Amino acid sequence: MPLDLALEKGVHLIVGDNGAGKTSFLESVYLLATTKSFRTSRISDCCSHGSKNFQVVGEASTEKRTRLRIEWKEGERIRSVNGRVSGLGEYLSVLPIVSWSSGDTDVLVGPPDARRRFIDRGVVGLSSGGIGTISTYRKTLLEKRRLLQSNGRGLEVWNEMLSLSAHNLIELRAKYVERLKTSLKAVLKASDLGLGDLQVSYKTSLKSGREGPSAIMKELMGASKRERVMQLPLLGPHRDDLSIRLSGFAVRQVASAGERKALGIALLLAHAAVLSEVGSEPVYLLDDADTELDVSRLRSLWRVISHRQQVFITSNRPLVWEGLEIDHFWTCGDGQLNAA
Amino acid sequence: MSDPLVRLIGELSRLPGIGPKTASRLAHYVLKGSRSEASNLAQAITDVKDLLSNCGRCNAITAIDPCQICTDPLRDQSRICVVEEPFNIGPIERTGEHQGTYHVLLGALSPQRGIGPKELAVEQLLHRLDGIEEVILATNPNVEGEATALYLARILKSKGIEVSRLAFGMPVGGDIEYTDEVTLGRSLAGRRLL
Ligand SMILES: [Zn+2]
Numbered sequence: 000m001p002l003d004l005a006l007e008k009g010v011h012l013i014v015g016d017n018g019a020g021k022t023s024f025l026e027s028v029y030l031l032a033t034t035k036s037f038r039t040s041r042i043s044d045c046c047s048h049g050s051k052n053f054q055v056v057g058e059a060s061t062e063k064r065t066r067l068r069i070e071w072k073e074g075e076r077i078r079s080v081n082g083r084v085s086g087l088g089e090y091l092s093v094l095p096i097v098s099w100s101s102g103d104t105d106v107l108v109g110p111p112d113a114r115r116r117f118i119d120r121g122v123v124g125l126s127s128g129g130i131g132t133i134s135t136y137r138k139t140l141l142e143k144r145r146l147l148q149s150n151g152r153g154l155e156v157w158n159e160m161l162s163l164s165a166h167n168l169i170e171l172r173a174k175y176v177e178r179l180k181t182s183l184k185a186v187l188k189a190s191d192l193g194l195g196d197l198q199v200s201y202k203t204s205l206k207s208g209r210e211g212p213s214a215i216m217k218e219l220m221g222a223s224k225r226e227r228v229m230q231l232p233l234l235g236p237h238r239d240d241l242s243i244r245l246s247g248f249a250v251r252q253v254a255s256a257g258e259r260k261a262l263g264i265a266l267l268l269a270h271a272a273v274l275s276e277v278g279s280e281p282v283y284l285l286d287d288a289d290t291e292l293d294v295s296r297l298r299s300l301w302r303v304i305s306h307r308q309q310v311f312i313t314s315n316r317p318l319v320w321e322g323l324e325i326d327h328f329w330t331c332g333d334g335q336l337n338a339a
Numbered sequence: 000m001s002d003p004l005v006r007l008i009g010e011l012s013r014l015p016g017i018g019p020k021t022a023s024r025l026a027h028y029v030l031k032g033s034r035s036e037a038s039n040l041a042q043a044i045t046d047v048k049d050l051l052s053n054c055g056r057c058n059a060i061t062a063i064d065p066c067q068i069c070t071d072p073l074r075d076q077s078r079i080c081v082v083e084e085p086f087n088i089g090p091i092e093r094t095g096e097h098q099g100t101y102h103v104l105l106g107a108l109s110p111q112r113g114i115g116p117k118e119l120a121v122e123q124l125l126h127r128l129d130g131i132e133e134v135i136l137a138t139n140p141n142v143e144g145e146a147t148a149l150y151l152a153r154i155l156k157s158k159g160i161e162v163s164r165l166a167f168g169m170p171v172g173g174d175i176e177y178t179d180e181v182t183l184g185r186s187l188a189g190r191r192l193l
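Line by line, the protein sequences are chains A and B.
Numbering that gives the first Met the number 0 puts the first sequence at residues 0 to 339.
Numbering that gives the first Met the number 0 puts the second sequence at residues 0 to 193.
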C-alpha cells in the first residue's frame, strides 16, 4: 500500500497494536537510508502480498536536500541519489541512521557475528574507506576459503593479501571501538541508568592483530597446517569479537531482560554519538522502545534521546510515554499512519 | 533448422552485456538493413576468428605472429608490462608512457573461479626473462589483480629482476579497463618499486 509522509524534526511516537504495521514503517525508513532491511536479511521479504517490485523514495533535508530512492525491481536492487544511480558509499552517507529492534539483543547476548556487524556499522560510519576495506577483506577471505577447499596450493599469496586487508580492517575496528568506549561512558553518565560497570573491548582473533601486516602474515602462516586440515580460514577479523561485560561478567550471565534492553539502547546511543562526531547526526529508530523497560529506566534514557534531531519510536503502550516530551504523535492501523 | 531470426537473437544474446531485449532489437536492425551490411558484419566476425590469434610471445591479439610490438626494433625490449587481458594493452599504449613490450597473462589468480598459476601464462613469462631489466605489473587494482601481482613479484624478485607496480590513485576494486588515459599515464609514470 503506498504511503506518503512528511516527517519533521523532533521525537515521533508511533502507537499501535502489535501487527498494526508500526515496524513496517520503521522498516521503510531504514530501507531508504541503508538499502537493507533490519528484520529480514532478504530484501525480497519486504515485498507485500507476493509483489515482485517495490520502491521507497525519500528526501533528506540536511544542508542540501538530497533525494534518495531504493527500488527493488525484478530481483535487482537499484539505488539512486538525486536521480543518479549511485555507489553504496555515497548512498549511505546521505542519511545516517541507527536502529534498535528486538533482534538486536543479539549484539549483547548472541553469537559474535552480531557484534562484528555492529562494529562494522561503526567502521562504515567512521571512515569513508570503511566499506572498501570490509569488502576487500571479505572477497580475499572467500578466495582463501575456496583455495583451502580445493588443493590449498598458493596459500602464501592469499595469506599475504589477507594480512594487508586484515591489518586495515583491524585498525579501523580498533579506532571505532576506542571512540565507542568514550561515548558509552558519556551516555551512561548522562542517562544515569544505574547499570554497574560496563566494559567494552575489542578482541582480535589474531594475537598480532595490532602489530602490522608482516606480523599478521607470520601468524597466518603459522596456522596454515591446521587451516589445510580444517579446510577453513581459522584466523582473522572474521573471527573477531566485541567483549561487552557488566561488572566483570558476560551480559548474558548477569543482566535481566530490562537491563539488556537498557544496555542495548545505551550502546546504540554511544554508537550514534560517534557517528555525530565525525559526520552528521543520525536519525534514530527504536522499535518497541518501551518493552522490558521500567518507567524509571525509560525516563533515564529519555534524558539522552529527547535532545536528538529526529527520533522515531514505536510502542504499543501509549500510557508509559505520558509526561515525556513527544513532538509528534502518530497512530498506526491498517497500514496507515495518522497524526494523532 | 529453426527460424533464422530466432537463431540470430539466440546467438546475439550470448554476448556479454546483451539481454534478450537488446538482442531482439539488434537482430531486427540487421534484418532491416541491406544484404551487404549484413554480410560485412558476418565477414568481420569470422575474420576476427580466421585472421587473428594470440601472439606466441606475448599473447596479444595479432594478425602476424609474433606481433608488431614484440618485433618493433624501436621498442625497449628490456621492459615488460604485464597485463591480464589483451584489451588492457590498448589503453596503456594510448598513454604513451610505456616504450617496452607486453605480456598478457590471460586472466588473474582466483581460486573461486578455479584459476591458479597454471591457468595463467606465467611459465611463458618466465621464459622471456633473458635480458629483462624491469617487469611492470599492470594487473587490475582489485583483489584478483593484486594477488596476481604479489605472486609474480615474489617469483621475479627471487630471480633478481626489478619489479614495479602501477601506482593506482583509484580505489581498490577498480579495473584498468575503465580508467581514463590521464590517470593511467600517471600511474605508469609514478609506478613504485616492489
Ligand atoms: Zn607479442
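Even glycine gets a Cβ: it sits at the ideal position worked out from N, Cα and C.
Computed from a predicted structure; not experimentally measured.
Only residues of its own chain outside the window of five on either side were considered, and among them Gly15, Asp16, Ala19 and Gly20 have a CB closer than 8 angstroms to the CB of glycine 332 of chain A, listed in chain order.
Glutamate 180 of chain B carries a helical assignment under DSSP once its states are collapsed to helix, strand and coil.
Every residue whose beta carbon comes nearer than 6 angstroms to a heavy atom of ligand 1 appears here in chain order: B:Cys54, B:Arg56, B:Cys57, B:Ala59, B:Pro65, B:Cys66, B:Ile68 and B:Cys69. Contact between alanine 120 of chain B and valine 103 of chain B holds, with the beta-carbon distance rounding to 7 angstroms and staying under 8 angstroms.
Around the C-beta of glutamate 83 of chain B, 16 or more other C-beta atoms lie within 10 Å, and the residue is accordingly described as buried. Between leucine 285 of chain A and isoleucine 264 of chain A, the C-beta spacing is below 8 angstroms. For alanine 113 of chain A and serine 295 of chain A, the gap between their C-alpha atoms comes out near 28 angstroms. At the C-beta level, aspartate 289 of chain A and arginine 316 of chain A come within 8 angstroms of one another. When C-beta atoms of the region 207 to 219 of chain A are compared with those of the region 298 to 310 of chain A, fewer than three pairs fall below 8 angstroms, so the two segments do not count as touching. Here serine 162 of chain A is buried, its C-beta having at least 16 other C-beta atoms within 10 Å.
In this structure, DSSP gives arginine 74 of chain B a state outside helix and strand, which the three-state scheme calls coil. Contact of valine 123 of chain A with chain B is not assigned, every C-beta pair being separated by 8 angstroms or more. Within the region 135 to 153 of chain B, Val142, Glu145, Ala146, Leu149 and Tyr150 place their CB atoms closer than 7 angstroms to a CB of chain A, listed in sequence order. Within a 10 Å sphere around the beta-carbon of aspartate 326 of chain A sit fewer than 16 other beta-carbons, which makes this residue exposed.
Taking a beta-carbon distance threshold of 8 angstroms, proline 116 of chain B counts as an interface residue toward chain A. Within chain A, no C-beta atom comes nearer than 9 angstroms to that of proline 65 of chain B; the closest sits roughly 30 angstroms away. Between valine 108 of chain A and arginine 244 of chain A, the C-beta gap is not smaller than 8 angstroms, which leaves the two residues out of contact. DSSP, reduced to helix, strand and coil, places glutamate 84 of chain B outside both helices and strands of the structure shown, so it counts as coil. In the DSSP assignment, valine 310 of chain A falls within the unbroken beta strand (DSSP E) covering 309 to 314.
Scanning chain B for C-beta atoms nearer than 7 angstroms to the C-beta of threonine 139 of chain A yields Val142, reported in chain order. Measuring C-alpha to C-alpha distances from asparagine 150 of chain A to each of A:Gln54, A:Leu231 and A:Ala269 identifies A:Leu231 as the nearest.
In the DSSP assignment, glycine 151 of chain A falls outside any alpha helix (DSSP H), carrying neither H nor E.
Per the Cβ contact rule, the region 86 to 98 of chain B is in contact with the region 178 to 189 of chain B (3 or more Cβ pairs under 8 angstroms).
Between threonine 65 of chain A and valine 106 of chain A, the CB-CB gap reaches or exceeds 8 angstroms. For isoleucine 79 of chain B, the closest alpha carbon among the candidates B:Asp129, B:Ala22, B:Asn141 and B:Thr45 is that of B:Asp129. Here DSSP, grouped into helix, strand and coil, assigns serine 126 of chain A to coil. Residues of the region 159 to 185 of chain A whose Cβ lies closer than 7 angstroms to any Cβ of chain B, in chain order: Glu159 and Met160.
In this structure, the CA atom of proline 85 of chain B is about 48 angstroms from the CA atom of serine 275 of chain A. In the displayed model, leucine 155 of chain B falls within a helix according to three-state DSSP. Runs of the alpha helix (DSSP H) spanning 4 or more residues and lying entirely within the region 161 to 227 of chain A occur at 212 to 221, in chain order. Under the 8 angstroms Cβ criterion, the region 113 to 133 of chain A counts as touching the region 175 to 188 of chain A, having at least three qualifying pairs. Scanning the region 117 to 157 of chain B from its first residue to its last, the whole beta strand (DSSP E) runs of 3-plus residues come out as 133 to 136.
DSSP places glutamate 276 of chain A within a helical segment (H, G or I) once states are collapsed to three. Minimum Cα-Cα distance from methionine 160 of chain A among the listed residues A:Gly211, A:Ser246 and A:Glu324 corresponds to A:Gly211. Straight through space, the alpha carbons of leucine 266 of chain A and arginine 238 of chain A are spaced by roughly 21 angstroms.
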